[in-house]
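Just so we're aligned: 34 in the working numbering is position 30 of the sequence shown, and the numbers increase by one with no gaps anywhere.
Encoded as structure tokens, the structure appears first; notes follow it.
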Amino acid sequence: MTVIDVDEADFETEVLARSAQLPVVVDFWAPWCAPCRQLGPVLEKAAEARDGQVVLVKIDTDQNPGIAQQFGIQGIPAVKAFVDGEVAAEFVGAQGPSQIEAFFDGLVPNEAQALLDAGDEASLRRVLESEPANADANLKLARLSYRAGDPEAALARLRNVAGSFAADGLAARIELENQDGERPRIDEAFAKLDGGETEAGLDMLLDELAASGDEDDRERLRRAIVAVLDELGVQHPLARDARRRLAAALY
């Protein structure tokens, strides 16, 4: 990967015009700036991992004050990503490798992210070949196994995922559905959730939690409900009311 040094004379060609073909990440820096020197190699490594998919450009703000003024650069390092001639993402100040990777992933996903986005079994297994503990890949494979009618394989896969409300919720659902005896109300609740009737399905799960006297069942229902709430997000009106009802049922 080649890092391109750009000045005011070729900015329009090398950045604005080129960004119509692929994202251009511009590093506004200066030789005297220590954080800039720390950030540079991190940017280069992330760009190199996406060689051919993104261009990394460096602009010395001391030598090109007009561009710095045009884009409101008040502190450096400052990084702006251009797509179709416009700023698509930006940040100011030195960032760690994980933040830089996330920034580039927002523009051009790395290979693992592209495989995760594809979401088919073969792609997900390719991710796990290099990253056996990848939580997203394990969770997605578990969902595929569950939908294919193999709950045991799904549960085995979920054991590789820690700290995920979605994984805990799916495991709880499988455990509830695999218990001896029919659970028509719980089965109906999950069917409604699968069919997009979130409010109705959530109401039924909360009712079952409030009515259940079995502590193991209550814990499974709690995990299933929390997974739904996590997917809805904190600000969703259904989530706010359901959290209140969940707390009342538990305590």
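Note that beta-carbon positions come from the ideal geometry of N, C-alpha and C, so glycine has one too.
In the DSSP assignment, tryptophan 36 is bridged to no other residue. Going by DSSP, phenylalanine 108 is part of the alpha helix (DSSP H) stretching over 101-109. In this structure, the beta-carbon distance from valine 28 to valine 59 falls below 7 Å.
The C-beta separation of serine 168 from alanine 139 comes to about 6 Å, placing the pair in contact by the 8 Å criterion. Check the Cα spacing between alanine 141 and each of Pro155, Arg248, Ala252, Ala171: the tightest is with Ala171. Taking C-alpha positions only, glycine 205 is separated from valine 131 by approximately 33 Å. Looking at the DSSP output, valine 96 shares a beta bridge with Ala82.
The stretch 169-242 contains no complete beta strand (DSSP E) run of 3 or more residues. Nearest in C-alpha terms to glutamate 12, of all of Gly89, Asn114, Pro69, Glu48, is Pro69. Annotation for isoleucine 71: the continuous alpha helix (DSSP H) segment containing it runs 69-74. The way I'd put it, the stretch 145-160 doesn't touch the stretch 189-201; fewer than three beta-carbon pairs between them come closer than 8 Å. Between aspartate 124 and glutamine 117, the CB-CB gap reaches or exceeds 7 Å.
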